[in-house]
Amino acid sequence: MHDLYQELIIDHGTHPRRFGPLPEHTHHERGHNPLCGDDLTLYLKVEDGVIEKVRFEGSGCAISMASASLMAERLEGLSVDEAKKLFEKVHSLLSGTPVEGLGKIEALSGVCKYPMRVKCATLSWHALMGALEQSSEATEK
Ligand code: ZN
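Its first residue numbered 1047, the sequence shown is counted upward by one per residue in the working numbering.
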């Protein structure tokens, strides 16, 4: 793995950004990867189709925490449609297809060489898709 990428993963894995609860969330989804023991819950605050805030809680390996941290940083300010497109790009990246324009998230590109770790890296992204498929909790009430 590229040294800089490795440093980013270790940094975000040990000091995840956007980590913590989000009481005012409109969407949430838990992701669990029993193969590794990664278990996280993603919280989103979506307003007028824009992801305004992202937080996550839980525990897991450095790859799963780094992926969730990099994702959370990137998502804030994106529209729901943009977030879904981003998911597709990250999915390609983790399947071994080079994708440009992902910024720091490209640090995850080396993970595709380790099939066991791909599930760690995709966990938060699948939680994101699951959360976005739900209707807003705020409007259900
Ligand atoms: Zn893991």
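A virtual CB, placed ideally from N, CA and C, is assigned to each residue, including glycine.
{"Check": "Please list, in chain order, all residues with a C-beta atom less than 6 Å from at least one heavy atom of the ligand ZN.", "Outcome": "N1079, C1082, D1084, G1106, C1107, I1109, S1110 and C1166"}
{"Check": "Out of Q1180, E1075, A1173 and F1065, which one is the CA nearest neighbour of S1115?", "Outcome": "F1065"}
{"Check": "Taking the alpha-carbon positions, what's the E1179 to V1096 distance?", "Outcome": "14 Å"}
{"Check": "Once the 5 residues before and after L1085 are set aside, which same chain residues still bring their CB inside 7 Å of it?", "Outcome": "Here residue 1085 is Asp; the residue named in the question, Leu, does not match the sequence. Closer than 7 Å at the Cβ level, and outside the excluded window around D1085, lie H1078, G1104, S1105 and G1106."}
{"Check": "Do you know how far the Cα of D1094 is from the Cα of K1187?", "Outcome": "Confidence is the limiting factor: at K1187 the pLDDT is only 41, short of 50, which leaves the residue's position unreliable, though a coordinate-based value still follows. Distance between the alpha carbons of K1187 and D1094 is about 17 Å."}
{"Check": "Going by the CB atoms, is the gap between L1081 and F1102 shorter than 8 Å?", "Outcome": "no"}
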